[in-house]
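Data block below; observations after.
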Amino acid sequence: MLPRLPGSTWDFHCIVGIASPSSIIHMLYSDVTSQNSFDRCRDWVKELDSMSATGRRILIGNKSDLETERVIPIETAQKLADELQMPYIECSAKNGNNVDLAFTQMAKLILDQGPPPSASIPPEQKSSCF
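As numbered in the numbering used here, residues 1 to 130 make up the sequence shown, in order.
Below you can see the structure in the form of structure tokens.
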């Protein structure tokens, strides 16, 4: 089980526990100013894989507006996305740069590849959030 990040804006483990494995798209969010955030992407993929989550996946690097604080080079993030076989896009929630493109890419993944095989969450599985 992945450790939770108290006080974080996004509790990804919580989101994974709620949304998967039946989600049709999985957005893996990484903060380009945080090595820890980037390093956890592999853990999120392992967690999705362990739940047999079949949704399409995309890696999103957020906070692209903070170029002077960047610790994850675009090339490094793209290499990870290629390794994990998913598209990579950077955006900024603060100034809106590429946010629409990120959602367009997600829709395109679903339309181009079709919806993933449906999966159901067993009734006895409880969310890790509650």
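For each residue, glycine too, the CB sits at the ideal point set by N, CA and C.
- Residues Ile60, Ile89, Cys91 of the same chain have their beta carbon placed closer than 6 Å to that of Ala102, with the five preceding and five following residues left out of the count.
- Annotation for Asn97: Ser64, Asp65, Cys91 place their beta carbon closer than 7 Å to its own, counting only its chain and skipping 5 residues before and after.
- Asn62 sits in a strand when the DSSP states are folded into three classes.
- Scanning the stretch 34-120 for uninterrupted alpha helix (DSSP H) segments of 4 residues or longer gives 35-39, 41-50, 74-83, 99-113, listed from N- to C-terminal end.
- Selection Ala53, Pro87, Asp82 evaluated against Lys108 yields Pro87 as nearest (Cα-Cα).
- Nearest neighbour of Thr54 by Cα position, chosen from Ala93, His26, Val32, turns out to be His26.
- One alpha carbon belongs to Gln78, the other to Ile58, and they sit about 11 Å apart.
- Bridge partners of Ser30 according to DSSP: Gly61.
- The closest CA to that of Val71, considering only Phe38, Trp44, Gln113, is found on Phe38.
- DSSP lists Arg56 as the beta-bridge partner residues of Ile25.
- Nearest neighbour of Asn62 by Cα position, chosen from Val99, Leu84, Glu75, turns out to be Val99.
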